[in-house]
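Just below is one structure, and these are the notes that go with it.
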Amino acid sequence: MKKFITIVVLLLMCLNINPVKAQRVEEDGNNIGTYFQLGTYEDDPIIWRCISDDDENGMLLLSDKILCYKAYNAGTNVDDFLSQDMYGSDIWENTTIRAWLNAIENAGNIIWPGNNPPNTKVPLSPFMPYVDEDGFLSERNFSISELSVMKTVSQWQILGPKNAHLSTNGLKKCFQTNYYPFISRYGKYNVFSSGIRNFSHIEGAMYRLSDTMFLIDEAQIYKLWTNFGTVRAYPTQKAFDSVKNDKKYYEGFESEYALRSSITDARFIFGDDDYSSGICAYSYGVRPAFYLDTTKAEIISGSGSIEEPYIIDGQPQTNAEVYCNGERMQFDEEPVEESERLLVPVRAIFEELGAEVEWEEETQIITAKKEDTTVVMQIDNPEMGNSREVVTLEVPPRLVGERTMVPLRAVSEAFEAKVDYIENLNRVVVDQPKLPMDFGERLEIPMENWQRKDFESIFPDYEPF
């Protein structure tokens, strides 16, 4: 009898034990400076630091150390200075480092921009070619559940002179901060900002690009500097060991890391707050960054300090995911695919786009209004009106269960939102950007002077120091 009672008591005790719930990462404004551990590189854990939590895409995590050294972009065998074919393109969209950072594929399967891999056969090849390396987001470095906590977002991208025509922010002049001739080992005839402290006012031609993993830009490096007083970075031991004995190594190189923005060259950081440029086909330190999806990120352990970073994980992505205006959309009915078109719940997407939705049960007509734009659709009817014209949809609205589903791209573009499909991650980014800032007075540097060493006409009061 006593044995039976003991067993019953033990069973009751087991039933009363509640499973420990993983703690969510909260966006409460107190995360700046917090350390997180997610993924590995060269088989060592990657430590990330929250450097900002107040911009359009949420919590920005930056690798605490330089993980490796790679060319910003590979060059080709064509010597064309204006297009920078030999020296590597300076436009982030077409760089090999962007392709590598966002690749989940293994070596040999990565699609390189222009079919131009970063190998040792280009004229100004990097001393750290990475054509034979698995993509940064590959399973070697991140599990499927770890990938799920990374947002895929759109950001403003600074454009150089050759690509200023791509601008979508209303400006055609190229990026200019408070420029001064900057004397460094690169010579006095370079026009650089005198320091990151001048990045409080950034302007110039920009457009939008979608990324999961990226290098930070001037606006983000300025937040790093204002929040911590320094932007200096140090390499991991393996990264340092990979370059210290190379004949191209020089003292100080180990702390230089690239930004994703440029004017005519690749931009990079060195020291506590110094900013410079160099040829894109050369190698620079790589400090990846991403925006954390706090709706998925779970804290497994840790305290958030450098000694005990929060070890985080997520849940594997099981379906196509939609990110709109910097946030992952959470639907009460999963998106469905028909004829390679993604359909999503009507009310969720229209309201996210800022439109008011009306539904007529009898006619099954959907009407969405936003300012001067009205979109009219009907279940199973391939024609859609959008205040300007009637267009024929490849896939019409459908009733799925008790939900009305509409084609995501068509309705988003009807309200002038940009839609990007990230095929390798099965994600869609819907973007309705706001202008990055109000632009004030700016220093006008004539375009014809960019390729000249005639800075006296631009800076008449300049004296070498």
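So the sequence shown is numbered by the UniProt record's numbering: it starts at 1 and just counts up by one. Note that the Cβ used here is the ideal one computed from N, Cα and C, for glycine as well.
Does Glu146 pass the burial test, meaning 16 or more other C-beta atoms within 10 Å, or should it be called exposed? buried
For the alpha helix (DSSP H) holding Glu352, just list the boundary residues, first then last. Val346 to Glu352
Thinking C-alpha only, which one of Gly204, Tyr323 and Glu351 is nearest Val149? Tyr323
Is the beta carbon of Cys34 less than 8 Å from the beta carbon of Tyr310? It should be noted that the sequence gives Thr, not Cys, for residue 34. A contact, by the Cβ cut-off of 8 Å.
Using the Cβ count rule (16 or more neighbours within 10 Å means buried), how would you classify Pro316? exposed
Coarse secondary structure for Gln220, derived from DSSP in three states: helix
Given a threshold of 16 other Cβ atoms within 10 Å of its Cβ, counted over all protein chains shown, does Thr230 qualify as buried or as exposed? Answer is exposed; the Cβ neighbour count stays below 16.
Does the Cβ-Cβ distance between Gln37 and Ile47 come in under 8 Å? yes
If you count every other CB in all the chains shown that lies within 10 Å of the CB of Arg24, and 16 or more means buried, which is it? Arg24 should be labelled exposed.
Mind checking which residues open and close the alpha helix (DSSP H) that includes Lys238? Lys238 -> alpha helix (DSSP H) spans Gln237 to Val243.
Report all residues from its chain with a CB closer than 6 Å to the CB of Val391; omit the five preceding and five following residues, and keep chain order. Met384
For Val406, write down the residues that DSSP places opposite it in a beta bridge. Val344
Determine the direct distance from the alpha carbon of Trp100 to that of Asp132, and round the result to whole angstroms. Cα to Cα, Asp132 sits roughly 11 Å from Trp100.
Does the Cβ-Cβ distance between residue 524 and Phe136 come in under 8 Å? Only positions 1 to 465 of the chain appear in this structure, which leaves residue 524 out of reach.
Compute the distance between the beta-carbons of Trp92 and Leu209, then report whether it is under 8 Å. Yes, Cβ-Cβ distance for Trp92 and Leu209 is below 8 Å.
With three or more C-beta pairs closer than 8 Å as the rule, is the stretch 283-293 touching the stretch 109-120? These segments do not touch.
Assuming Pro54 contacts Lys151 under a Cβ cut-off of 8 Å, what Cβ separation, rounded to an integer in Å, is found between them? The residue asked about is misnamed: residue 54 is Asp in this sequence, not Pro. Wrong, their Cβ atoms sit about 15 Å apart, outside the cutoff.
Give the straight-line distance between the Cα atoms of Asn163 and Glu307, rounded to the nearest whole angstrom. 44 Å
Nearest-angstrom Cα distance between Glu42 and Arg140? 9 Å
Using beta-carbon positions only, say whether Pro407 and Val419 come within less than 8 Å of one another. no
Please return the same chain residues whose Cβ sits closer than 8 Å to the Cβ of Asn227, not counting the five positions on each side in sequence. Ile32, Gly33, Ile51 and Ser52
Between the Cα of Asp134 and those of Ala103, Ser154, Ser143 and Gly160, spot the shortest distance and give me the residue it belongs to. That would be Ala103, whose Cα lies nearest to the Cα of Asp134.
With respect to the beta strand (DSSP E) encompassing Trp100, which residues constitute its N-terminal and C-terminal limits? It is not in any beta strand (DSSP E) - Trp100 instead sits in the alpha helix (DSSP H) that spans Thr96 to Leu101.
Answer with buried or exposed for Arg427, where buried requires no fewer than 16 other C-beta atoms within 10 angstroms of its C-beta. buried
For Val153, tell me which candidate among Leu67, Gly160, Gly326 and Thr40 has the shortest Cα-Cα distance. Gly326
Going by DSSP, what residues sit across from Trp359 in a beta bridge? Ile366
Can you name the residues that DSSP bridges to Leu292? Met59 and Met150
Suppose you measure from the CA of Glu105 to the CA of Thr404; what does that come to, to the nearest Å? 36 Å
Would you kindly report the start and end of the unbroken beta strand (DSSP E) that includes Ala417? Segment: none, Ala417 is in no beta strand (DSSP E) and carries neither H nor E.
Per-residue DSSP class, three states only, for Ala164: Residue state, collapsed to three classes: helix.
What does a CB cutoff of less than 6 Å around Gly302 pick up in its chain, not counting 5 residues either side in sequence? Same-chain partners within the cutoff: Glu308, Pro309, Tyr310 and Ile311.
Rounded to whole angstroms, what is the Cα-Cα separation between Val411 and Lys244? 54 Å
Which residues bound the beta strand (DSSP E) around Asn115? It is not in any beta strand (DSSP E) - Asn115 carries neither H nor E in the DSSP assignment.
Pick from Leu343, Gly401 and Ser305 that is closest to Ala320, judged by C-alpha positions: Leu343
Straight-line CA distance for Asp332 to Thr295? 15 Å
Can you tell me whether Lys70 is buried or exposed, with buried defined as 16 or more other CB within 10 angstroms of its CB? buried
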